[in-house]
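Counting along the sequence shown from 1, when you hit position 7 you're at -4 in the working numbering, and nothing is skipped either side.
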Amino acid sequence: MTTRRQALQIGGLATLGLSLPELIDADDRHAPPRRQKHARSCILFFMEGGPAHIDLWDPKPSAPVEIRGKYKPISTSIPGLQISERLPHWAPIMKHLSLVRSVSHNIVDHNASSYYTVTGQSPLRAGQLIRRPSRDNFPPIGSVLAHLKPTRQPLPDFIHIPQRMFNCGSFIPGQLGGFLGFPFDPFITGDPSSGNFQVPGLQRHPRLSAQRLDQRRNLLSRIRRDGPLDTLPVTAEFQGQYQRAYDLITSPQARRAFQLEDEPVGVRTRYGAFAAGRDSGKLAHLGSSLLLARRLIEAGVRLVTVWAGRQVFDTHRGHYAELDNVIGPPLDRAFSALVEDLAERGLLDETLVVALGEFGRTPRLGQITSSAGATADGRDHWARCYSVLLGGGPIPAGQLFGASDTLGAYPARNPVTPGDIAATIYQAMGLDPQRRLRDPLNRPHTLAAGNPITPLLGG
C-alpha cells in the first residue's frame, strides 16, 4: 500500500499544476469469463440513517395502527405487489426493479452498519465494532471494482456524490480505499445542486496554459525516469495515475459529463434537479445528484455512489412530518425519474441500480432500540428485517424476494445479510464474490462475506 510520504516523494500532481492526487491507477487483473449477462456500471443510492421499510416498501395494512402507521398501501406495476402511498411515482417503476424484503443483521450502530453495507464485510474486529475509518479496513465495492475492473478512461472508475459520509465527529468507515491504498479512494464531486457547481480539481488553473501543462508533465517524466525515484516500487503504482489525471483535466468529454446545465430543462424538472427552493432541507440535492450519476455512468464510470445525506432517514422523532415534508417528495420524484430515464435510454440493461440503507426502522412507533431512543411519533433503529431494491443488468425485473412477518419485524422466509447483497452486486458486475483479495500483509480475503442471491441473478 502506498503511503502519503511515498506519494510526496514521487512529487505528486502538484508538479503538473493538478489537484487530483488520488485518482485511481487500477490494474487489470484476471477478469472472470463472461458466463452470463453482467452490468457494465452501477449506481448505488445509499439512504444512510435507516429508511422505514414499513412506511415505504413493506406496508402492513392488517397490523395495529402503532405498527402500520398512517400510510395506506397502493398497487404497483408488479401484480400483487403493494408499496406505500408515500411513493406514488415508484409504483410504475417497480416493474423494472426487484424488491428484497428480508435483509437482516443485528447491528444498530450507524457507522458499523454502514461499513457492513458498503463493503459486504463484518464490522466486528477483535470483538469491537468498526466505527471509524482506517487504512486497515476492507475497501468498499467501488474501490474493489476500480482495482479489479478498471475502465482505462479519463473519468475515475469510482465516484461519490455529493460528499464523504460522516457521523458523530468522524467520517463513516468503509468509504475509502482501505487496504488497497488511497489511490482507490472515491473521487468526490461536491454538491451538484449548489450554485455555480464546479468539480474540485477538474479545471486547469487559468494562468496555466495547455502548453505549460505539457511542459511540466514532460519535466516530471524526465525526473522520474532519470532520477532515483524510478527505483522506488511505488513509482510504477503512480504512473497510471499521472496519465489519468492528465487525461481528466484535459478531456472535454470528461468535463462535459459533469455539466448538468447541458440537460434539457424538461429532464432537470423531471428529476427535481436544482429544486432546492421547492424540496426543502436535507434532500434538496437529490435530483441533481441522481441526474449527475446517470450522466457519469453514461460517460463510462464503473460505480457511482449517491449519498442521501447525514442520517436523512434517521427519524427518531417527528417521523411522519419528516416523511411527508422532507424525505418523501424528493425521494419519490428523483429516484423514480432515474429509473425511468435509464430505461428509456436503454441504459438499464447495462446499469445495476441499488437502493439501500444500513438498516430499517422499528416496527412499532415509539419502540426504543438504541441510545438515541424514539418519541411516540418516531421509529428507532431496526436491523432485524428491512428492505433493499435492485434492478438493471442481470437482475430480473419485477421480482419479489423474501418476506417479513406480519409485523415487519423479522424475516418470514429467505433471510439474507448485507454480505449477501454485496455478493449479489459483485456477481452482477461480473466478479466472483468468493475471489480472494490480498491485503498488504498478503492475507487473503473474499470480496464479500456472503453468497449471491441466485434468484436475483436469473438463477
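Just so it is clear, CB atoms sit at the ideal spot from N, CA and C, and this is done for glycine as well.
Beta-carbon separation (whole angstroms), residue i vs residue j, contact threshold 8 Å
| i | j | result |
| --- | --- | --- |
| Arg299 | Thr364 | Wrong, their Cβ atoms sit about 20 Å apart, outside the cutoff. |
| Ala459 | Arg368 | What the structure shows of the chain is the stretch from -10 to 448, and residue 459 is not part of that stretch, so it cannot be assessed. |
| Ile52 | Thr395 | Residue 52 is actually Ala in this sequence, not Ile. Indeed they touch by this definition, with Cβ atoms about 6 Å apart. |
| Leu420 | Leu436 | 6 Å |
Helix, strand or coil at residue i [DSSP, three-state]
| i | result |
| --- | --- |
| His434 | strand |
| Gly317 | helix |
| Gln517 | Within the shown structure, residues of the chain are numbered from -10 to 448, placing residue 517 beyond reach of any answer. |
| Val293 | strand |
| Ile177 | strand |
| Gln164 | coil |
| Ser393 | strand |
| Leu275 | helix |
| Ala401 | strand |
| Leu281 | helix |
| Ser64 | strand |
| Gln242 | helix |
| Ile357 | coil |
| Leu336 | coil |
| Ser102 | helix |
| Asn440 | coil |
| Ser73 | strand |
Residue i: CB within 8 Å of a non-hydrogen atom of the ligand GTP
| i | result |
| --- | --- |
| Val343 | With respect to small molecules bound, the structure shown includes none, and the ligand GTP cannot be examined in it. |
Strand pairing of residue i, partner residues [DSSP]
| i | result |
| --- | --- |
| Tyr375 | Val92 |
| Asn156 | Ser159 |
| His370 | Arg350 |
| Ala344 | Phe34, Leu378 |
| Arg306 | DSSP output for Arg306 lists no bridge partner at all. |
| Ile384 | Paired residue(s): none; Ile384 is not in a bridge. |
| Arg114 | Gln117 |
| Phe324 | Paired residue(s): none; Phe324 is not in a bridge. |
| Leu86 | Gly380 |
| Ile148 | Phe176, Val293 |
Check whether residue i and residue j have beta carbons under 9 Å apart
| i | j | result |
| --- | --- | --- |
| Arg291 | Pro143 | no |
| Leu522 | Val343 | Limits of the chain in this structure are -10 at one end and 448 at the other, which puts residue 522 out of reach. |
| Phe147 | Gly170 | no |
| Pro145 | Ser182 | no |
| Asp338 | Arg75 | no |
| Gly391 | Gly439 | no |
| Gly457 | Cys31 | With the chain covering -10 to 448 only, the question about residue 457 has no answer from this structure. |
| Phe35 | Ala297 | yes |
| Arg449 | Gly39 | This structure leaves residue 449 out entirely; the chain is present only between -10 and 448. |
(message) For the stretch 81 to 91 against the stretch 54 to 72, do three or more pairs of beta-carbon atoms, one drawn from each stretch, fall closer than 8 Å, so that the two count as touching?
(response) yes
(message) Under 8 Å: do the stretch 327 to 346 and the stretch 179 to 189 share three or more Cβ pairs, one atom per stretch?
(response) no
(message) Would the stretch 365 to 378 count as touching the stretch 84 to 98 if we require 3 or more Cβ pairs under 8 Å?
(response) yes
(request) Indicate whether the contact test is met: 3 or more Cβ pairs, each with one atom in the stretch 253 to 263 and one in the stretch 273 to 282, closer than 8 Å. (result) yes
(request) Give a yes or no on contact between the stretch 157 to 164 and the stretch 120 to 135, applying the rule of three or more CB pairs nearer than 8 Å. (result) yes
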